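Residue numbers (the numbering used here), protein chains in the order written: chain A, 1 to 226; chain B, 1001 to 1260.
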Ligand SMILES: Nc1ncnc2c1ncn2[C@@H]1O[C@H](COP(=O)(O)OP(=O)(O)OP(=O)(O)O)[C@@H](O)[C@H]1O
Ligand SMILES: [Mg+2]
């Protein structure tokens, strides 16, 4: 399998030759993941608050959105955003279509986790906030969300891991991310096992980093015990 | 009518679904007075306090704080609910201490006290910290100001909660069985703090099962029974001369704790 000699046809040589495409693929995967996690966190937190505290019609809309998004395969969502929207005259670059689709998906997951986290904060916290005269938005910001965000850290990390893995699906609409880069390299040199193993290890490393960051954050918030 | 009436409740009614829990409560708390609410479990004491602090909305009657209706204004003879901002402003003038402390677990003792000072009263951080230090010392916890709630005992947490409420300089402080969740040996440190507040002239409405404390500290005792005020008066009268069988049997449960 892994051959450590450095000559054409060996893994290390081929990887060296393809180093710029590999770096580019890595960058596309990482940036798409990071953007998705960023957007999904912003929108997901807002939607989670709407699910927990919104007016009934807002809750209903958010609920429909969340259940819909969680019920369809991500791939369908990606294909729709890229090909489907172009039928309506909206032509997004593949990269952005992919990021939007992944964000739409992850938003639903984060919204649902945030709603759960918010509702797991004891009712007495809201009441204590009321009792000192905090307005609703202040209670949310200074009392409820700090506790809810801490509680949703583990599932949030999970969503992040899913997002990274989900970026591989962008290869289907032609985004040259890490997986498609490797496919293209393999098509030239047939080092199938080596390059897919390599790709797998890179994904593993990205996700290990995310998990590690998550664990560090969790430790930072360890004072939040009950 | 004396002008020093701070809180006046008239005919306050409250139902949960079909169950009427408060059936017309009349009650007055004067400036600087300690009024205690006693009564059996389920008689509506907590519900009444929650109505005063707008954690529940009363369905009928009126609750006036400084002569101003709490929770609504009357417009052309009709009651209209106040805005969130106005309700928050009213709540800020009433402090509340809960049975379960309800400290903010993500904030230190000091930050718990400072939150309302900086966000509601808009005090600068430095001033808020000074006030927090002052009140934490008053409840004997100056040394613990950097501790998170989980690092404090129940009695210490409850004292922080009292400091948090009183630091806002409320017109009225509500206490709802604040020692009921505490281990017996921690009760007296909290009651001591409350007694100190009472002596310094704080106006307090206290729900408590600590009859010795009630008798010692209250100016006025209100016995609630099944959503009504069954007897009210100075502690000597309520404890010494219970008019109803129900009050006698209620007090009988505490027999031996004091000489009746
Ligand atoms: N949110 C609610 N929904 C329905 N019923 C309620 C609610 N809160 C209180 N009740 C009912 O109202 C009645 C009065 O309750 P409340 O808590 O005011 O009594 P209490 O005098 O404080 O009793 P305790 O001494 O046990 O604290 C009880 O029968 C209770 O079950
Ligand atoms: Mg009660």
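Even glycine gets a Cβ: it sits at the ideal position worked out from N, Cα and C.
Treat the numbers as computed from the prediction; the structure is a model and nothing was measured.
For the segment 130-157 of chain A, the residues whose beta carbon sits under 8 Å from a beta carbon of chain B are, in order, 130, 131, 132, 133, 134, 135, 136, 138, 142, 143, 146, 147, 150. Residue 1060/B: member of the beta strand (DSSP E) spanning 1060-1065, first to last residue.
Contact between residue 177/A and residue 28/A holds: their C-beta atoms lie close to 4 Å from each other, under 8 Å.
Using beta-carbon distances, residue 1084/B counts as an interface residue toward chain A, with a partner under 8 Å.
Boundaries of the beta strand (DSSP E) harbouring residue 1008/B: 1005-1016, taken from the DSSP string.
Around the beta carbon of residue 192/A, fewer than 16 other beta carbons lie within 10 angstroms, which makes this residue exposed. Membership of residue 162/A in the alpha helix (DSSP H) is indicated by the continuous run 153-166. Interface criterion met: the Cβ of residue 124/A is under 8 Å from a Cβ in chain B. For residue 1109/B, the closest alpha carbon among the candidates 1142/B, 1223/B, 1122/B is that of 1142/B. Across the set 1248/B, 1104/B, 1190/B, the C-alpha of 1190/B shows the shortest separation from the C-alpha of residue 1208/B. Distance from residue 151/A to residue 117/A at the Cβ level is roughly 4 Å; contact confirmed, criterion being Cβ atoms closer than 8 Å. Per DSSP, the unbroken beta strand (DSSP E) holding residue 1036/B starts and ends at 1034-1039. When 1047/B, 1030/B, 1099/B are compared, the shortest CA-CA separation from residue 1013/B is found for 1047/B.
Scanning the segment 1202-1253 of chain B for uninterrupted alpha helix (DSSP H) segments of 4 residues or longer gives 1211-1217, 1235-1240, 1245-1252, listed from N- to C-terminal end. CA-CA distance, residue 1125/B to residue 1115/B, rounds to 10 Å. Ranked by Cα distance from residue 1157/B, the first of 1171/B, 1244/B, 1187/B is 1187/B.
The beta-bridge partner set that DSSP reports for residue 1095/B consists of 1173/B. The continuous stretches of alpha helix (DSSP H) do not include residue 1123/B, and DSSP gives it neither H nor E. Not flagged as an interface residue toward chain B: residue 119/A, since no C-beta distance is shorter than 8 Å. Under the 8 Å criterion on CB atoms, residue 127/A is classed as interfacial with respect to chain B. Within a 10 Å sphere around the beta-carbon of residue 1105/B sit 16 or more other beta-carbons, which makes this residue buried. Taking 7 Å as the cut-off, the C-beta of residue 1238/B does not count as close to any heavy atom of ligand 2.
Within the same chain, and ignoring the five residues on either side of residue 13/A in sequence, the residues whose Cβ sits closer than 7 Å to its Cβ are 6, 7. DSSP places residue 82/A outside any alpha helix (DSSP H), giving it a letter other than H or E.
Rounded to the nearest whole angstrom, the CA to CA distance from residue 1080/B to residue 171/A is 59 Å.
Taking C-beta atoms under 8 Å as the contact rule, residue 1175/B and residue 1194/B qualify, at a distance of about 7 Å. Contact annotation: residue 103/A and residue 168/A have beta-carbon atoms that are not nearer than 8 Å. A direct Cα-to-Cα measurement between residue 101/A and residue 78/A gives close to 5 Å.
Assigned with DSSP and collapsed to three states, residue 1179/B falls in coil, not helix or strand.
Assigned with DSSP and collapsed to three states, residue 1133/B falls in helix. Here residue 190/A is exposed, its C-beta having fewer than 16 other C-beta atoms within 10 Å. Within the segment 1191-1210 of chain B, no residue has a Cβ lying closer than 9 Å to any Cβ of chain A. By the rule that beta-carbons nearer than 8 Å mark a contact, residue 1164/B touches chain A. Looking at the DSSP output, residue 1074/B sits in a beta bridge with 1079/B.
Pairwise C-beta distances place the segment 1155-1171 of chain B in contact with the segment 1126-1146 of chain B, as three or more of them are shorter than 8 Å. Secondary-structure assignment with DSSP links residue 1020/B through a beta bridge to 1015/B.
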